[in-house]
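Engineer: First the structure, then my questions, so here it is.
In our numbering, the protein residues as written are 12 to 143.
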């Protein structure tokens, strides 16, 4: 384990609260300390399942995570499915090309400790994981 560091995930969702009204912003932010990190660029080809390495991150699991799928300029690439903790396709999170999944859980109890990326077409998936 390394030295403790801090990270923040922040952003906002802007939408009109009702039809015809101006946009309103809903901000979000979470800050957490971490001692271990893992990252990967997965250049996926064909179809299959890629297990994401968590490096030295241990239970209770990931405190912060960002997964990005590169944009598709061809219009022919399929979404990937992110399977958490061996859960299989039931409850898997779909991320289309050009999309992302940001996750923050500053004090996990029974958190994310494993992840598989299931794909049916070529994609480039970028993953960053922070934990203890």
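C-beta atoms are modelled at their ideal positions from N, C-alpha and C, and glycine is treated no differently.
(1) Quick one: Cα of residue 129 to Cα of residue 57, how far?
(2) Let me confirm a value: residue 75 is counted as buried when at least 16 other C-beta atoms fall within 10 Å, else exposed. Which label applies?
(3) Indicate the three-state DSSP secondary structure (helix, strand or coil) for residue 127 in the structure shown.
(4) Can you tell me the Cα-Cα spacing of residue 72 and residue 31, whole angstroms?
(5) Just the C-alpha distance for residue 113 and residue 40, rounded to the nearest angstrom, thanks.
(6) Run the CB neighbour count on residue 43, radius 10 Å, all protein chains shown included, and call it buried at 16 or more, exposed below.
(7) Quick check for students: name the residue ranges of the beta strand (DSSP E) that lie wholly in the region 82-117, counting only runs of 3 or more.
(8) So the candidates are 54, 34, 92 and 91; which of them puts its Cα closest to the Cα of residue 23?
(9) Would residue 139 and residue 18 be called neighbours here (beta carbons separated by less than 7 Å)?
(10) Applying the criterion that 16 or more other CB atoms from any shown protein chain within 10 Å of the CB defines a buried residue, is residue 27 buried or exposed?
(11) So residue 122 and residue 45 are in contact, right, with Cβ under 8 Å, and what is the actual spacing, rounded?
Structural biologist: For this structure:
(1) Just so you know, the alpha carbons of residue 129 and residue 57 end up roughly 11 Å apart.
(2) Buried.
(3) Residue 127 falls in the strand class under three-state DSSP.
(4) Each residue's alpha carbon lies about 43 Å from the other.
(5) Taking the straight line joining both Cα atoms gives about 11 Å.
(6) Sixteen is the threshold: when 16 or more other Cβ atoms of the shown chains lie within 10 Å of the Cβ of residue 43, as they do, the residue is buried.
(7) Runs of the beta strand (DSSP E) inside the region 82-117: 91-95, 104-106 and 111-115.
(8) Sorting 54, 34, 92 and 91 by C-alpha distance to the C-alpha of residue 23 places 34 at the top.
(9) The Cβ atoms of residue 139 and residue 18 lie no closer than 7 Å to each other.
(10) Exposed.
(11) Contact between residue 122 and residue 45 is ruled out by a C-beta separation of about 12 Å, above the 8 Å threshold.
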